[in-house]
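J.:
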């Protein structure tokens with residue numbers, strides 16, 4: 178990390194007395210200390226959550242002391258479970274990441290799928306006359322070859338085909354029924370799109386005025402987050418209710434119960450302080466939500482005297498106070514993929530800084546650096562950064578381009594994730610006494626490959642269960658054994674001296 182110039186820290190959005198910088202030669206290994214305030218930070222989207230689950234399992238089994246968990250994107254789910262000692266619900270084979278419940282998260286919206294089938298049907302109907310005529314290209318040569326081979330059926334094939342064409346193209350058959358059929362199919366398409374708009378308006382408890390092209394009101398965003406939001410909420414409630422058979426409450430009630438559970442147990446084994454980060458599209462700033470201990474709350478949510486450019490009250494939500502009702506809403510917003518999914522709507526209280534406005538929230542893949550800033554602002558002195566985005570070591574590591582739409586989005590977001598992590602590590606180098614990465618050397622899964630995918634490097638199929646196992650193995654090898662174990666041996670040797 179080198180020597181840290183304290184003048185470079187003057188731009189930070191918080192006072193520097195909470196940050197313990199490290200001054201050491203780059204050749205000296207960074208030591209892990211259980212006495213320092215430690216944060217476990219998760220970043221990524223989609224299937225990256227399976228990798229997070231494996232890391233949580235390894236850290237939990239090793240008994241590593243974690244004081245604070247933080248996340249953005251799918252990392253918000255990982256942080257929510259890790260904060261209340263619920264990691265087992267993420268790697269459980271019955272209802273966690275390896276289960277069949279997550280096989281088709283982020284599906285195409287039903288209106289888009291139905292509309293695609295309807296348009297395909299209309300297109301095939303229009304092509305039907307041309308297909309009938311083109312059939313002669315096959316029928317006549319085959320009939321001719323059969324006749325040359327001595328089969329009388331060859332002559333019958335040509336006669337039969339000619340009769341079929343004459344019947345189909347009679348004025349009272351194809352010219353009469355084809356336009357009516359195509360018109361009926363297009364009418365069905367219009368009804369489907371209108372029904373989709375109606376269903377969205379009924380299900381959504383919040384509404385925003387929209388403007389723009391007529392068709393965009395029907396089509397909307399291509400992917401849906403309803404399935405992954407429901408799975409995450411059900412799993413969260415399953416952890417909170419324990420053995421009781423009680424139906425999941427609404428989002429507001431579930432949020433308040435979660436916040437109360439965490440506040441009542443902070444300081445107990447397995448319970449940690451929490452930070453989640455999403456992007457406020459309408460506020461044009463990141464929105465930081467946190468549930469911290471009483472001694473850290475006031476400083477964290479106060480406006481920084483060293484940075485007048487950021488209005489702290491406009492970009493923070495105290496989950497231990499009046500913001501406790503937004504825990505699930507923040508989680509759902511973090512699951513939103515920019516442009517690919519519809520932003521999550523949240524209504525701020527009338528007595529808040531936004532005066533009752535309804536804002537659109539979503540994830541921002543480039544916000545890993547900001548997340549680390551907030552973790553440092555919460556007093557963390559060393560960080561374990563977890564991402565499933567593999568680092569490209571150099572040339573000769575290219576893969577074939579994905580041609581499916583979800584695969585293209587996945588490649589782009591994975592690239593953004595890698596760049597975001599790299600930039601965050603550089604920009605936040607002076608924030609902490611130690612930053613430890615846990616990330617795979619190879620991850621063939623795209624962020625939407627919940628059913629697994631084919632791995633070209635190993636010439637086999639790769640599943641989510643394997644990604645969970647990879648997270649566990651990487652955490653053991655890259656942090657638990659090599660960092661925690663080595664630091665313990667170093668401390669023992671120093672004590673003996």
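Residue numbers (the working numbering): 178 to 674. From the three backbone atoms N, C-alpha and C, an ideal C-beta is built for every residue, glycine too. Predicted, not measured: the structure shown is a model, and the values here were computed from it.
(1) How would you label residue 576, buried or exposed, when you count the other beta carbons within 10 angstroms and need 16 or more for buried?
(2) With a 10 Å radius around its C-beta and 16 neighbouring C-beta atoms as the bar for buried, classify residue 550 as buried or exposed.
(3) Determine the contact status of residue 285 and residue 641, defining contact as a CB-CB distance below 7 Å.
(4) Going by alpha carbons, who is nearest to residue 383 out of 241, 533, 358?
(5) Within 8 Å, do at least three Cβ pairs link the segment 645-659 to the segment 223-233?
(6) Taking DSSP as the reference, what is the three-state secondary structure of residue 236?
(7) Under the rule that 16 or more other beta-carbon atoms within 10 Å means buried, what is residue 294, buried or exposed?
(8) For the segment 303-314 against the segment 607-615, do three or more pairs of beta-carbon atoms, one drawn from each stretch, fall closer than 8 Å, so that the two count as touching?
(9) By the 10 Å Cβ neighbour count, where 16 or more other Cβ atoms means buried, how is residue 623 classified, buried or exposed?
(10) Report the rounded CA-to-CA distance for residue 524 versus residue 530, giving the unit in angstroms.
(11) How is residue 203 classed by DSSP in three states: helix, strand or coil?
(12) What does the alpha-carbon distance come out to for the pair residue 505 and residue 428?
(13) For a test of the three-state rule: what should DSSP assign to residue 384, helix, strand or coil?
(14) In the DSSP assignment, the alpha helix (DSSP H) including residue 656 goes from what residue to what residue?
(15) Give a single yes or no on whether residue 421 has its beta carbon closer than 6 Å to a heavy atom of the ligand ADP.
(16) Could you tell me the alpha carbon to alpha carbon distance between residue 255 and residue 268, rounded to whole angstroms?
(17) Looking at the strands, I want to know which residues DSSP matches up with residue 536.
(18) Under 7 Å between the Cβ atoms of residue 626 and residue 224?
(19) Taking residue 611 as part of the beta strand (DSSP E), name the residues at either end of that continuous run.
(20) CB-CB under 7 Å to residue 567, same chain, minus the five flanking residues each way: which ones, in chain order?
(21) Within 10 angstroms of the Cβ of residue 450, are there 16 or more other Cβ atoms? Answer buried if so, exposed if not.
(22) Who are the near neighbours of residue 278 in its chain, counting only those whose CB is closer than 7 Å to its CB and skipping five residues on each side?
(23) Provide the residue(s) that pair with residue 675 in DSSP beta bridges, ordered along the chain.
(24) Using CA coordinates, which residue listed in 227, 647, 441, 574 is at the minimum distance from residue 634?
(25) Are the segment 246-262 and the segment 298-306 in contact at 8 Å, needing three or more beta carbon pairs?
(26) Compute the distance between the beta-carbons of residue 466 and residue 543, then report whether it is under 7 Å.
(27) Run the CB neighbour count on residue 288, radius 10 Å, all protein chains shown included, and call it buried at 16 or more, exposed below.
(28) Per DSSP, which residues does residue 559 bridge with? Please list them.
(29) Provide the residue(s) that pair with residue 448 in DSSP beta bridges, ordered along the chain.
(30) Could you tell me which of 512, 527, 528 sits nearest to residue 521, measuring between CA atoms?
(31) So, with DSSP's three-state summary, where would you put residue 518?
(32) Which residues in the same chain as residue 494 place their Cβ atom closer than 8 Å to its Cβ, once the five residues preceding and following it in sequence are excluded?
T.: Taking the definition as stated:
(1) Within the chain shown, numbered from 1, the residue matching residue 576 stands at position 399. Per the 10 Å Cβ criterion, exposed.
(2) The residue you call residue 550 lines up with position 373 of the chain shown. It is buried - the Cβ of residue 550 has at least 16 other Cβ atoms within 10 Å.
(3) Your numbering for residue 285 matches position 108 in the chain shown. Your numbering for residue 641 matches position 464 in the chain shown. No, they are not a contact pair.
(4) As a working mapping, residue 383 is identified with position 206 in the chain shown. The residue with the shortest Cα to Cα distance from residue 383 is 533.
(5) yes
(6) Locating residue 236 in the chain shown gives position 59, where the first residue counts as 1. Residue 236 falls in the helix class under three-state DSSP.
(7) For the purposes of this step, residue 294 is identified with residue 117 of the chain shown, where counting begins at 1. Exposed: under 16 other Cβ atoms inside 10 Å.
(8) no
(9) In the chain shown, the residue the question calls residue 623 occupies position 446. In the assembly as shown, residue 623 is a buried residue. Its beta-carbon has 16 or more other beta-carbons within 10 Å.
(10) On the chain shown, position 347 is the one that residue 524 refers to. On the chain shown, position 353 is the one that residue 530 refers to. So the alpha carbons of these two residues sit roughly 12 Å apart.
(11) As a first step, residue 203 must be located in the chain shown, where it is residue number 26. Confidence in residue 203 is poor, its pLDDT being 41 and thus under 50, which makes the residue's placement unreliable; the coordinate value appears in the next sentence. Coil at residue 203, not helix or strand.
(12) Position 328 of the chain shown, counting from 1, holds the residue named residue 505. Position 251 of the chain shown, counting from 1, holds the residue named residue 428. When rounded, the distance between both Cα atoms is 6 Å.
(13) Within the chain shown, numbered from 1, the residue matching residue 384 stands at position 207. Of the three classes helix, strand and coil, the one that applies to residue 384 here is coil, per DSSP.
(14) Your numbering for residue 656 matches position 479 in the chain shown. Note, residue 656: premise wrong, no alpha helix (DSSP H); not H, not E.
(15) The ligand ADP is absent from the structure shown, which contains no ligands of any kind.
(16) Position 78 of the chain shown, counting from 1, holds the residue named residue 255. Position 91 of the chain shown, counting from 1, holds the residue named residue 268. Each residue's alpha carbon lies about 11 Å from the other.
(17) Residue numbering aside, residue 536 sits at position 359 when the chain shown is read from its first letter. The partner list for residue 536 (beta bridge, DSSP) reads 523.
(18) Numbered from its first residue, the chain shown carries residue 626 at position 449. Numbered from its first residue, the chain shown carries residue 224 at position 47. Cβ atoms of residue 626 and residue 224: closer than 7 Å.
(19) The sequence position of residue 611 within the chain shown is 434, counting from 1. Note, residue 611: beta strand (DSSP E), 611-615.
(20) Sequence index remark: in the chain shown, residue 567 carries index 390 (1-based). 616, 617, 618, 619, 620, listed in sequence order.
(21) Residue 450 sits at position 273 when you count from the first residue of the chain shown. Buried.
(22) For the purposes of this step, residue 278 is identified with residue 101 of the chain shown, where counting begins at 1. Within the same chain, and ignoring the five residues on either side of residue 278 in sequence, the residues whose Cβ sits closer than 7 Å to its Cβ are 272, 408.
(23) Residue 675 is absent from the structure shown; the chain starts at 178 and stops at 674.
(24) Within the chain shown, the letter at position 457 stands for residue 634. Closest option to residue 634, Cα to Cα, is 574.
(25) no
(26) Position 289 of the chain shown, counted from the first residue, corresponds to residue 466. Position 366 of the chain shown, counted from the first residue, corresponds to residue 543. Not in contact: residue 466 and residue 543 (Cβ atoms no closer than 7 Å).
(27) As a position in the chain shown, residue 288 is number 111, starting the count at 1. Looking at its Cβ environment, which holds 16 or more other Cβ atoms inside 10 Å, residue 288 is buried.
(28) The residue you call residue 559 lines up with position 382 of the chain shown. 215, 611.
(29) Along the chain shown, one-based indexing puts residue 448 at 271. Checking the DSSP bridge columns, you'll see residue 448 partnered with 261.
(30) Reading the chain shown from its first residue, position 344 is the one you call residue 521. That would be 512, whose Cα lies nearest to the Cα of residue 521.
(31) Translated into the one-based positions of the chain shown, residue 518 becomes position 341. Strand at residue 518.
(32) Counting from one through the chain shown, the residue named residue 494 turns up at place 317. Taken in chain order, the residues that qualify are 464, 465, 466, 467, 500, 503, 507.
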